[in-house]
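See below for the structure under consideration.
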Amino acid sequence: MTETAPAGRARDTQADPPGWVIRAGQLVQRPDRRAVPDGAVVVRHSTITWAGPAGQLPAEDRRLPVEDHPASTIMPGLIETHAHLGSYTPHVSQHVSDPALLAQSLHILSALATARQLASVGVTTVQSLGARHYADVALREAIAAGVLAGPRILASGAQLTTTGGHSWTNGAEVDSIDDIRRTVRRHHKAGVDVIKVMATGGFMTPGTGPWAAQFSAEELRALVQEAHRLGKRTAAHAHGTEGIRRAVDAGIDYLAHASFVDPDGVTRFDGALADAIAERGIFVDTCAPPSWPPVPGETFTPRAKQLYEHGVGLVAGHDIGAVLPPSGYTFGLKQLEASGIPRAEVLTAATTRAAAALGLSEVTGELVAGRSADLIVVDGDPLESLDALDALSRVVIGGRPFVPDQVVPFDPKGSIPGQGPDTPGRVQASRNARWTAHRGLRHGPAFRARMHTPEETP
Ligand SMILES: [Zn+2]
1 MTETAPAGRA RDTQADPPGW VIRAGQLVQR PDRRAVPDGA VVVRHSTITW
51 AGPAGQLPAE DRRLPVEDHP ASTIMPGLIE THAHLGSYTP HVSQHVSDPA
101 LLAQSLHILS ALATARQLAS VGVTTVQSLG ARHYADVALR EAIAAGVLAG
151 PRILASGAQL TTTGGHSWTN GAEVDSIDDI RRTVRRHHKA GVDVIKVMAT
201 GGFMTPGTGP WAAQFSAEEL RALVQEAHRL GKRTAAHAHG TEGIRRAVDA
251 GIDYLAHASF VDPDGVTRFD GALADAIAER GIFVDTCAPP SWPPVPGETF
301 TPRAKQLYEH GVGLVAGHDI GAVLPPSGYT FGLKQLEASG IPRAEVLTAA
351 TTRAAAALGL SEVTGELVAG RSADLIVVDG DPLESLDALD ALSRVVIGGR
401 PFVPDQVVPF DPKGSIPGQG PDTPGRVQAS RNARWTAHRG LRHGPAFRAR
451 MHTPEETP
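Dropping the structure here:
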């Protein structure tokens, strides 16, 4: 017989704090608006009830306890629009009674660790774009129910891909329009918020090519229609130009990567396609920093600057868990700035616009009355230098102070976690090797016969 714990008993977070005021030397309500000197935010329960110049605090709020940060900035909590929760799952020994079940449990625990690390660097909302076992759905529910403290989560479940296609190990392989509809419906039944599809191959799956489209435009259209019918947004992983074009034509809501890579492995930015992306209001994350670490002669660079110049709505999605660890979030923002995108625009991509991309404009991403109290306090002025984001002194999620976990600071010149120290030369060599492997050239004839490099689907 199972027993349900009385409400609140299993919680490690406490009851709602009473109303309070957070005051700071500067208030950034949203990064594309002028900052308010000596600003304050009033938080009651989970919600912001007032925000503005501290001198104009409403009479009814003047008796509330005040937390003062005179040398700091209050700003909206950061948003990660492209995370993979659970990707740091430890290797599972086969010498246990049920390796699959153990792997699933470990996956969920690993997902929790990644989500909490993101919150610990100031990320208050996370969009999962590919997780096994609906770990992201479980985590979303546990956090929303107050069982665990962590960021707000939007869940995708596993990415829809072709059999043997990019990230097929996550489990949602589909090969026909019926398969696509069935899997979208299954995901809906499991409680996802967004449907993620692998429109092209990727770097991490042998036998797939990032330049190659995996689905026909017709298949992608069926996916988008079915998702929209069920009230879900759609997101496509797309490196290759043809895959980007098909996803755009199909009516996708969000593009990850948008690298514009051609079948010869060289990126050629397509301005007309970028204009179409901008016109249709499709949000884009360029994921990996423009180059990480900087690699001379690298052709496979995300096109953040050109997309920005074509008016595309960029958002801060770093492929956390696949490309960058959670600790690399602010590094990714700095790389966007280094690629030529104005600082306020980078901060908008990480807050207000990211909320819009997730369908949460009325919920978070801006510090005004009625929004969820998702905010951070950082020492200094992030509009002057993004380094301020690394001097985090407060994280509040849904009105509750979040106690950060210890996160080892990200060192771009150091090592890629789990892969040892890296240099630009080594990174280039490993990318070349992967590129070659993807084309099936590094494998013997037996492997090539088994799994040749895919061609474009018609
Ligand atoms: Zn990804």
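Quick note on our numbering: the sequence shown kicks off at 1 and runs consecutively.
Glycine included, C-beta positions come from ideal geometry on N, C-alpha and C.
Owing to the predicted nature of the structure, the values given are computational and were not obtained by experimental measurement.
For the putative contact between residue i and residue j, defined by C-beta atoms under 8 angstroms, what is the C-beta separation to the nearest angstrom?
i, j, result
"VAL407", "GLN117", "5 angstroms"
"LEU314", "LEU307", "6 angstroms"
"LEU389", "ARG343", "Not quite, the Cβ-Cβ distance comes to about 11 angstroms (not below 8 angstroms), so this is no contact."
"THR200", "HIS239", "5 angstroms"
"HIS84", "ILE320", "7 angstroms"
"GLU219", "ILE277", "With a Cβ gap of about 20 angstroms, GLU219 and ILE277 do not count as contacting."
"GLY150", "LEU112", "7 angstroms"
"ALA131", "ALA103", "Actually they are not in contact, since the Cβ atoms of ALA131 and ALA103 sit about 13 angstroms apart, beyond 8 angstroms."
"GLY328", "ALA316", "Going by Cβ atoms, the distance from GLY328 to ALA316 rounds to 12 angstroms, so no, they are not a contact pair."
"PRO31", "LEU386", "That pair is no contact at about 11 angstroms."
Under 9 angstroms, do residue i and residue j count as touching if we go by C-beta distance?
i, j, result
"VAL42", "VAL21", "yes"
"ALA304", "LEU336", "yes"
"GLY77", "VAL28", "no"
"VAL396", "ALA369", "no"
"ALA213", "GLU242", "yes"
"VAL197", "ILE244", "no"
"ARG229", "ASP193", "no"
"ASP285", "HIS69", "no"
"GLY146", "SER110", "no"
"LYS232", "VAL184", "yes"
"VAL312", "ILE282", "yes"
"ALA256", "ILE79", "no"
"GLU248", "PRO210", "Reading off the sequence, residue 248 comes out as Val, not Glu. Their beta carbons are not under 9 angstroms apart, which means VAL248 does not touch PRO210 by this criterion."
"THR125", "LEU367", "no"
"SER167", "SER128", "no"
Name, in chain order, the residues that DSSP records as bridge partners for residue i.
i, result
"GLU141", "Answer is none; GLU141 lacks a bridge partner."
"ALA304", "Answer by DSSP bridge pairing: none, since ALA304 is not bridged."
"GLN159", "DSSP output for GLN159 lists no bridge partner at all."
"HIS257", "ALA238"
"LEU78", "VAL123"
"ARG152", "THR125"
"ILE252", "None, per the DSSP bridge assignment."
"ASP179", "According to DSSP, ASP179 bridges with nothing at all."
"LYS196", "ALA235"
So what does DSSP say about residue i, is it helix, strand or coil?
i, result
"TRP50", "strand"
"ALA10", "Its pLDDT being 43, under 50, ALA10 is placed unreliably by the model, and nothing is read from it."
"ALA172", "strand"
"TRP292", "With a pLDDT of 49 at TRP292, under the threshold of 50, the modelled position of this residue cannot be trusted, and the question is left open."
"GLU67", "strand"
"ALA135", "helix"
"VAL147", "coil"
"VAL184", "helix"
"ILE341", "coil"
"GLN406", "coil"
"PHE269", "coil"
"PRO18", "coil"
"THR114", "helix"
"ILE397", "strand"
"ASP231", "Sequence check: residue 231 is Gly here, not Asp. Reduced to three states, the DSSP call for GLY231 is coil."
"ARG62", "coil"
"ASP379", "strand"
"ILE277", "helix"
"PRO37", "strand"
"HIS108", "First, the amino acid is wrong: residue 108 is Ile here, not His. It is helical."
"ALA316", "coil"
"GLN29", "coil"
"LEU392", "strand"
"LEU324", "strand"
"PHE283", "strand"
Exposed or buried, residue i, counting other C-beta atoms within 10 Å across all chains shown (16 or more means buried)?
i, result
"ALA227", "buried"
"ASP411", "exposed"
"VAL96", "exposed"
"ALA258", "buried"
"PRO53", "exposed"
"SER393", "exposed"
"PRO99", "exposed"
"SER93", "exposed"
"PRO18", "exposed"
Let me see if you follow: with CB-CB separation under 9 angstroms, is residue i close to chain B or not?
i, result
"LEU78", "Structure shown: chain B not included; a single protein chain is present."
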